[in-house]
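There are 2 protein chains.
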Amino acid sequence: MSNRGEAVAPQHWGPPYLLYLGNPADELAIKTARGVAHWRPEWCVGQYRSPACKLSLGLPDLGMAEARAAGAKTMLVGTANAGGVMAPETVADVLAALDAGLNVAAGLHQKLRDNADILAAARRNGRVLFDAREATRSIPVGTGRKRPGLRLLTVGTDCSVGKMYTALAIERSLRRLGCKADFRATGQTGIFIAGDGIPVDAVIADFISGAAELISPARDDGGWDLIEGQGSLFHPSYAGVSLGLLHGSQPDALVLCHEPTRRHMRGLPEYPLPDLEACLQANLAAARLTNPAVKAVGVALNTSNLPQREAWAACRAISDRLGLPCQDPVSMGVEAIVDNLLACCAA
Amino acid sequence: MSNRGEAVAPQHWGPPYLLYLGNPADELAIKTARGVAHWRPEWCVGQYRSPACKLSLGLPDLGMAEARAAGAKTMLVGTANAGGVMAPETVADVLAALDAGLNVAAGLHQKLRDNADILAAARRNGRVLFDAREATRSIPVGTGRKRPGLRLLTVGTDCSVGKMYTALAIERSLRRLGCKADFRATGQTGIFIAGDGIPVDAVIADFISGAAELISPARDDGGWDLIEGQGSLFHPSYAGVSLGLLHGSQPDALVLCHEPTRRHMRGLPEYPLPDLEACLQANLAAARLTNPAVKAVGVALNTSNLPQREAWAACRAISDRLGLPCQDPVSMGVEAIVDNLLACCAA
Numbered sequence: 004m005s006n007r008g009e010a011v012a013p014q015h016w017g018p019p020y021l022l023y024l025g026n027p028a029d030e031l032a033i034k035t036a037r038g039v040a041h042w043r044p045e046w047c048v049g050q051y052r053s054p055a056c057k058l059s060l061g062l063p064d065l066g067m068a069e070a071r072a073a074g075a076k077t078m079l080v081g082t083a084n085a086g087g088v089m090a091p092e093t094v095a096d097v098l099a100a101l102d103a104g105l106n107v108a109a110g111l112h113q114k115l116r117d118n119a120d121i122l123a124a125a126r127r128n129g130r131v132l133f134d135a136r137e138a139t140r141s142i143p144v145g146t147g148r149k150r151p152g153l154r155l156l157t158v159g160t161d162c163s164v165g166k167m168y169t170a171l172a173i174e175r176s177l178r179r180l181g182c183k184a185d186f187r188a189t190g191q192t193g194i195f196i197a198g199d200g201i202p203v204d205a206v207i208a209d210f211i212s213g214a215a216e217l218i219s220p221a222r223d224d225g226g227w228d229l230i231e232g233q234g235s236l237f238h239p240s241y242a243g244v245s246l247g248l249l250h251g252s253q254p255d256a257l258v259l260c261h262e263p264t265r266r267h268m269r270g271l272p273e274y275p276l277p278d279l280e281a282c283l284q285a286n287l288a289a290a291r292l293t294n295p296a297v298k299a300v301g302v303a304l305n306t307s308n309l310p311q312r313e314a315w316a317a318c319r320a321i322s323d324r325l326g327l328p329c330q331d332p333v334s335m336g337v338e339a340i341v342d343n344l345l346a347c348c349a350a
Numbered sequence: 004m005s006n007r008g009e010a011v012a013p014q015h016w017g018p019p020y021l022l023y024l025g026n027p028a029d030e031l032a033i034k035t036a037r038g039v040a041h042w043r044p045e046w047c048v049g050q051y052r053s054p055a056c057k058l059s060l061g062l063p064d065l066g067m068a069e070a071r072a073a074g075a076k077t078m079l080v081g082t083a084n085a086g087g088v089m090a091p092e093t094v095a096d097v098l099a100a101l102d103a104g105l106n107v108a109a110g111l112h113q114k115l116r117d118n119a120d121i122l123a124a125a126r127r128n129g130r131v132l133f134d135a136r137e138a139t140r141s142i143p144v145g146t147g148r149k150r151p152g153l154r155l156l157t158v159g160t161d162c163s164v165g166k167m168y169t170a171l172a173i174e175r176s177l178r179r180l181g182c183k184a185d186f187r188a189t190g191q192t193g194i195f196i197a198g199d200g201i202p203v204d205a206v207i208a209d210f211i212s213g214a215a216e217l218i219s220p221a222r223d224d225g226g227w228d229l230i231e232g233q234g235s236l237f238h239p240s241y242a243g244v245s246l247g248l249l250h251g252s253q254p255d256a257l258v259l260c261h262e263p264t265r266r267h268m269r270g271l272p273e274y275p276l277p278d279l280e281a282c283l284q285a286n287l288a289a290a291r292l293t294n295p296a297v298k299a300v301g302v303a304l305n306t307s308n309l310p311q312r313e314a315w316a317a318c319r320a321i322s323d324r325l326g327l328p329c330q331d332p333v334s335m336g337v338e339a340i341v342d343n344l345l346a347c348c349a350a
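Those protein sequences? They're chains E and L, same order as listed. Mapping of the first sequence onto the working numbering: residues 4 to 350, in sequence order. Mapping of the second sequence onto the working numbering: residues 4 to 350, in sequence order.
Next comes the structure, spelled out in structure tokens:
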């Protein structure tokens with residue numbers, strides 16, 4: 004019964020992108036744009052910055068019409084300037100982009116189509132509006148039915164410990180080895196990077212595992228789906244999302260992501276981080292419901308808050324304790340994890 | 004940004020009820036109405052039946068205006084005649100109820116307010132429309148913060164094994180013993196029976212545990228919240244809902260519900276039922292995240308498909324194996340379970 008998208012042209016949003024920075028308050032405000040520029044440079048035609056903007060992604064500065072002429076199809080508005088609400092300047096820039104013939108995709112709390120002027124401009128120009136925080140696809144209930152394909156899911160001790168980055172790093176590493184591999188996005192930034200995906204935490208609760216099944220459908224080319232995990236089985240706010248994603252993904256392989264200096268679960272000072280081994284075993288036990296052959300293949304440690312020497316020592320200690328390769332995907336790569344993945348789960 | 008409810012009067016729907024039967028195809032079509040009549044007879048002023056209706060709840064047959072005059076505040080439309088879509092006859096009856104001054108609450112897939120005539124009639128008469136399958140309240144993210152009060156959650160090996168019935172039976176039994184006890188509803192029929200609640204499977208995935216926290220808030224009167232469970236940790240379609248509900252409920256006590264003749268998980272022929280002991284342990288392990296003191300206090304067995312002799316034998320066998328009282332709440336009551344609850348979890 005939804006009228007989502009009825010007002011705008013039916014074609015899909017997607018790259019090539021113009022990355023909209025506007026006039027960001029700080030680095031955090033352009034985190035999404037930076038992630039897209041880092042992981043998909045070939046999709047990024049340029050950046051749009053307000054005159055006062057002091058930050059840069061190192062991309063060509065382009066106006067809306069220039070970007071369109073250079074091949075951009077969609078302007079990406081990553082994060083808002085304050086409280087998720089669009090500043091009047093941002094609204095004006097979105098209107099200009101639509102009038103220049105660009106689609107607009109945003110990851111704001113405030114929906115693009117809830118702004119009457121933006122909706123009218125999209126209609127007028129036959130452009131697509133896409134709100135990445137919203138599940139717009141019709142999602143079936145999960146079936147648990149075993150489907151062909153190879154799947155890896157990144158799981159975590161907590162939220163924001165590197166699950167997206169790890170999945171993307173494994174995709175890149177597998178591709179370099181000549182393997183077919185596709186990142187499957189479950190969150191806003193990931194969706195912009197994949198050009199597709201479902202924000203799993205935004206679907207109706209009954210459809211979490213169904214969304215995961217839709218994101219990583221049956222595949223028979225011997226390639227891997229690298230599925231972006233969300234939350235943690237041990238986070239009291241979001242564990243339901245994590246469990247549904249685990250069941251729907253039917254993972255053959257898990258990589259556990261962790262941030263060793265975190266003192267408590269994100270946002271919850273009363274909750275300590277779970278023990279790594281207990282966390283891994285709980286994820287494996289739950290994953291066996293839909294894939295009894297699931298294996299843990301590695302640990303991805305976010306050591307950005309540790310001196311280099313301690314980072315290596317932490318990885319070694321965890322590797323010895325769990326009997327799995329342990330690396331920081333940013334500073335050490337994921338090659339040992341990928342080697343173990345390919346050794347454990349040959350197609 | 005939702006416009007839910009903006010068109011209608013702000014007061015709450017609720018009992019006393021006129022139960023709408025219409026012209027039901029079979030017993031299943033009046034299951035919700037029968038549940039309300041069974042558990043809340045004091046709230047049911049009468050039933051409305053079409054001339055062709057052959058089924059009855061044994062309540063007085065009343066027209067809309069008669070029901071209003073007899074004190075009814077809300078007409079309950081439990082289930083639809085076919086496929087969840089309102090028959091033209093049902094729409095006409097809903098309009099007549101609104102014009103007679105009744106609110107209308109429904110548990111249909113098709114929303115009441117999506118029908119323009121019904122919406123107009125509600126506005127015209129200043130009446131409330133309530134769709135029980137929809138989460139209309141603003142729900143915060145779960146905090147996991149320990150709150151005062153005593154809580155029991157019914158969990159299950161599968162969907163539809165008696166979790167609502169068991170929670171209601173325990174409420175009744177506790178009240179008979181002079182204890183304060185309140186059933187907390189998480190599904191459509193339960194919401195009509197409680198006159199309040201949140202359909203937990205219909206909330207956005209990020210807010211499952213938050214919904215459970217809202218349903219059973221802090222209480223300091225020594226009374227029990229009896230929370231209606233949903234799904235099963237072992238159901239690949241819905242386990243995320245079950246886990247979020249488990250975490251948000253912070254249960255002190257669990258009762259495991261089971262149907263011993265069921266051959267596979269509901270709707271999924273490939274999935275066998277979990278072992279009772281494994282299911283109970285998995286629920287206890289997950290529940291400990293938000294309440295380390297959680298205890299299992301009993302097993303509720305739905306033996307409606309067993310001869311009486313076998314039913315008693317099945318309960319004895321399970322009780323011996325798990326070391327917990329095991330009863331069929333319908334045919335044997337829940338007194339042994341309640342005795343154990345009070346012994347295990349004194350306030």
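By construction, the Cβ of each residue, glycine as well, lies at the ideal position given by its N, Cα and C atoms.
query: Those residues which DSSP pairs with D185(L) across a bridge; result: D228(L)
query: Neighbourhood of V11(E) by C-beta, 6 Å cutoff - its chain only, sequence neighbours within 5 removed; result: Confidence at V11(E) is low in this model, with a pLDDT of 37, below 50, so the placement of that residue should be treated as unreliable; the coordinate-derived value is given next. A125, V131, L132, listed in sequence order.
query: H304(L) versus P328(L) - alpha carbon distance; result: Per the sequence shown, residue 304(L) should be read as Leu rather than His. The straight-line gap from Cα to Cα measures roughly 10 Å.
query: Cross-strand partners of D64(E) (DSSP beta bridge); result: Q50(E)
query: Residues that Y23(L) bridges to, as DSSP identifies them; result: Y51(L), V80(L)
query: Interfacial residues, the segment 224-252 of chain L to chain E, with Cβ spacing under 7 Å; result: F237, P239, S240, Y241, A242, G243, V244, L246, G247, H250
query: Alpha helix (DSSP H) runs wholly inside the segment 218-269 of chain E, at least 4 long, in chain order; result: 242-252
query: 8 Å contact criterion, which G110(E) and R136(E) should meet: CB distance rounded; result: 6 Å
query: Reduced DSSP category for N286(L) - H, G, I as helix; E, B as strand; rest coil; result: helix
query: Residues, ordered as in the chain, of the segment 127-161 of chain E that lie near chain L by beta-carbon distance below 9 Å; result: A138, V144, G145, T146, G147, R148, K149
query: Selected residue, minimal CA-CA separation from Y23(E), among L62(E), H15(E), G190(E); result: L62(E)
query: Any C-beta of chain L under 9 Å from that of S264(E); result: What sits at residue 264(E) in the sequence shown is Thr, not Ser. So no, T264(E) is outside the interface.
query: Nearest neighbour of V144(L), chosen from G247(E), T264(E), G243(E) [CA to CA]; result: G243(E)
query: N-terminal and C-terminal residue of the alpha helix (DSSP H) that R154(E) is part of; result: Element bounds for R154(E): not the alpha helix (DSSP H) but the beta strand (DSSP E), 153-159.
query: Below-9 Å beta-carbon distance, E280(E) vs any chain L residue; result: no
query: Beta-carbon gap between G247(L) and A205(L) smaller than 9 Å; result: no
query: Beta carbon proximity, S212(E) to chain L, threshold 9 Å; result: yes
query: 9 Å Cβ cutoff, L292(L) in contact with chain E; result: yes
query: Sufficient close CB pairs (3 or more, under 8 Å) joining the segment 155-172 of chain E to the segment 259-276 of chain L; result: no
query: Within-9 Å CB hit, I207(E) to chain L; result: yes
query: Candidates A28(E), E30(E), E45(E), of which the one nearest G17(E) by Cα; result: E45(E)
query: L156(L) and S252(L) closer than 9 Å at C-beta; result: yes
query: Other residues of its chain near D120(L): CB distance less than 8 Å, five sequence neighbours each side excluded; result: V94, L98
query: R7(E) versus I196(E) - alpha carbon distance; result: Note on R7(E): pLDDT 36, under 50, position unreliable in the model; no value is reported.
query: Buried versus exposed, by CB contacts within 10 Å (16 or more), R116(E); result: buried
query: Interface residues of chain E facing V107(L) [CB-CB closer than 9 Å]; result: By Cβ distance, chain E contributes nothing, its closest Cβ being about 18 Å from V107(L), past 9 Å.
query: Under the three-state DSSP convention, the category I207(E) falls into; result: strand
query: A285(E) at chain L interface by Cβ criterion, 9 Å; result: yes
query: Neighbourhood of A349(E) by C-beta distance below 8 Å, restricted to the same chain and skipping five residues each side; result: none
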